[in-house]
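Numbering (this note's numbering), first residue to last: 103 to 322.
For each residue, glycine too, the CB sits at the ideal point set by N, CA and C.
Nothing here was measured: the structure is a model prediction, and the numbers come from that model.
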């Protein structure tokens, strides 16, 4: 006589095909969720600090190990119906608890579309290798911009310090609550090994060139 099949085996074998497909789709979608190295969660729909040509905003974060960064975004609102707001996303090294303007690691211009709907805005699709350490992600509106936006406060204080530049350089601020999220490349730790010196070289070149004045930032 053939031995009975254990009940657990019978249960696995008897899963309906449609359920197997559904489980596979669920597992695939769960695996595809992005894992951010910094994620404060979305901010509110109003209030917060003004983001304009007269006021830059920055948040500090730390990485335990090196990563290849892909997305640098902030939670912003631009309450106007005309035009778009140009903003630079700038990654700085840290010096004495403020952004080190002599070590600008990366800067890139993006635009926040006109409208009253808050959302994540920034630069995406980067391939930016950085070492473990402490950094600042700043948002800076170029000169000649007439409009101003805002960065409403967020629920999670994942940034360990903030800074505001109102014209005389960045000053530490412990009460701001900016919304920031930073996405690394999956497997970026391996890719970083091939370009381990990129951060230091890029920072030195920018410092030696003296390319950036402390304030304001030009659109050119």
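Is it right to say residue i is buried, meaning 16 or more other beta carbons lie within 10 angstroms of its own, or is it exposed?
i	result
residue 172	buried
residue 217	exposed
residue 142	buried
residue 285	buried
residue 219	exposed
residue 191	buried
residue 136	exposed
residue 240	buried
residue 256	buried
residue 184	exposed
residue 273	exposed
residue 167	exposed
Return the CA-CA distance between residue i and residue j, expressed in angstroms with no decimal places.
i	j	result
residue 169	residue 176	19 Å
residue 229	residue 287	8 Å
residue 194	residue 163	11 Å
residue 278	residue 232	25 Å
residue 246	residue 144	29 Å
residue 280	residue 187	18 Å
residue 139	residue 208	18 Å
residue 205	residue 182	34 Å
residue 261	residue 161	6 Å
Do residue j and residue i have their beta-carbon atoms positioned less than 9 Å apart in this structure?
i	j	result
residue 282	residue 275	no
residue 264	residue 174	no
residue 221	residue 253	no
residue 214	residue 251	yes
residue 244	residue 211	yes
residue 156	residue 269	yes
residue 234	residue 165	yes
CB of residue i to nearest heavy atom of the ligand GDP: below 8 Å?
i	result
residue 179	Of ligands this structure carries none, so the ligand GDP is not represented either.
Name the one or two DSSP bridge partners that residue i has.
i	result
residue 173	285
residue 147	According to DSSP, which records beta bridges pairwise, residue 147 is partnered with nothing at all.
residue 279	Bridge partners of residue 279: none, in fact.
residue 236	164
Does the CB of residue i have a neighbour CB from chain D at under 9 Å?
i	result
residue 174	Looking at the structure shown, chain D is missing, and only one protein chain is on hand.
Would you call the segment 195–211 and the segment 146–156 touching, i.e. three or more CB-CB distances under 8 Å? no
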